[in-house]
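Quick notes on the structure that follows.
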Amino acid sequence: MRILLQGLRYQARFGSNAILKHSILNASIKAQLSCVSPLTEKLNRTQTRLLSTSAASNLLDSLRREYEEEVQSGQNEIAEDLLLLKNQLEENWRIVEEGATTTLYSKSSQKIQVSFHCQDSVEEVETNEDPIDNEGEEEEMSMPVHFQVTLSKAGKSLILECLSNCGEASVVGVRTEAEDIEESELYQGPEFVELDESLQESFSMFLKEELAVDDDVAIFIAMQSDYIEQSQYLQFLKDVQSIIE
216 MRILLQGLRY QARFGSNAIL KHSILNASIK AQLSCVSPLT EKLNRTQTRL LSTSAASNLL
276 DSLRREYEEE VQSGQNEIAE DLLLLKNQLE ENWRIVEEGA TTTLYSKSSQ KIQVSFHCQD
336 SVEEVETNED PIDNEGEEEE MSMPVHFQVT LSKAGKSLIL ECLSNCGEAS VVGVRTEAED
396 IEESELYQGP EFVELDESLQ ESFSMFLKEE LAVDDDVAIF IAMQSDYIEQ SQYLQFLKDV
456 QSIIE
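216 is the number of the first residue of the sequence shown in the working numbering; add one for each residue after it.
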């Protein structure tokens with residue numbers, strides 16, 4: 216009612232022609248707004264897409280450059296020493312590579328397996344030794360690699376947590392598992408460093424002499440870990456490219 220009265224007052228004051236012109240002007244403004252809004256939205260979308268495309272192109276260039284540099288370095292090729300050692304170990308072990316994980320299965324009568332992930336390395340604890348004297352050695356030495364040795368028999372397993380460090384295998388933890396017991400209910404084993412030293416040494420001897428996880432296996436684990444990690448990194452670069460392209 217109020218709108219109608221306002222219209223009548225407007226008509227009485229300015230006349231019917233003024234009302235018509237006013238209506239036409241409003242319609243024109245609305246039409247212009249309806250035309251500008253989609254255009255502006257389209258321009259915004261185009262600008263966003265161009266920025267996104269530019270960022271993707273920049274990332275792809277960086278990925279290709281990084282991939283080419285890594286390939287040219289030759290680190291993705293298996294070293295001759297590693298290949299010879301692998302062939303030597305295959306006399307007693309069946310070696311299976313599955314992505315970033317490598318597993319060795321003993322060919323002996325015992326059910327023994329050694330498993331490790333290429334990125335499962337352990338940072339060494341810093342000592343008070345002079346860093347200048349050891350600077351050259353630190354560059355050549357790789358970080359210790361964690362690996363797991365499992366001896367299974369009659370539904371039970373003895374699991375040794377080990378490290379490959381400086382070409383030697385050492386035990387850092389021990390526990391047992393059983394097929395009929397939930398993992399959450401299992402005893403996780405003692406703190407290995409708190410065991411009697413003679414018991415620690417006995418586990419180490421058992422690892423090398425009875426389970427045949429000797430220095431050659433330890434060296435293979437370190438070298439294989441470096442090689443697989445490099446291979447996986449190159450594959451990672453290729454996978455990222457394929458997703459973005």
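Ideal Cβ positions, reconstructed from N, Cα and C, are used throughout, including at glycine.
DSSP places Gln328 inside the beta strand (DSSP E), whose first and last residues are Lys326 to His332.
Contact between Val360 and Leu375 does not hold, since their C-beta atoms are separated by about 14 Å, which reaches or exceeds 8 Å. Note that the C-beta distance between Cys333 and Ile443 is below 8 Å.
According to the DSSP secondary-structure assignment, Leu373 is paired through a beta bridge with Leu366 and Thr391. In this structure, Lys326 lies near Lys368, with their beta-carbon atoms less than 8 Å apart. Ranked by Cα distance from Leu401, the options Leu373, Glu312, Leu426 and Asp335 are led by Leu373. If you draw a straight line from the Cα of Leu297 to the Cα of Val311, it is about 15 Å long. Here Phe451 is exposed: its Cβ has fewer than 16 other Cβ atoms, across all protein chains shown, within 10 Å. Ser321: member of the beta strand (DSSP E) spanning Thr316 to Ser321, first to last residue. Excluding its 5 nearest sequence neighbours in each direction, Val337 has C-beta neighbours in its own chain below 8 Å: Met358, Pro359, Val360, His361 and Leu378, listed in chain order. Per DSSP, the continuous beta strand (DSSP E) segment holding Val311 begins and ends at Trp308 to Glu313.
In the structure shown, the three-state DSSP call for Ala437 is helix. The continuous alpha helix (DSSP H) containing Asn302 extends over residues Glu295 to Leu304.
For Val364, the number of other beta carbons within 10 angstroms of its own is at least 16, and it is reported as buried. Looking at the backbone, the Cα of Gln328 and that of Tyr320 are separated by about 5 Å. Taking C-beta separations shorter than 8 Å and ignoring five residues to either side along the sequence, the partners of Asp395 in its chain run Gly370, following chain order. For the pair Phe331 and Ser440, the CB atoms are nearer than the 8 Å cut-off.
In this structure, Gly382 and Ile434 form a Cβ contact; the two beta carbons are roughly 5 Å apart against a cut-off of 8 Å. Put simply, the backbone Cα of Gln403 is about 19 Å away from that of Leu422.
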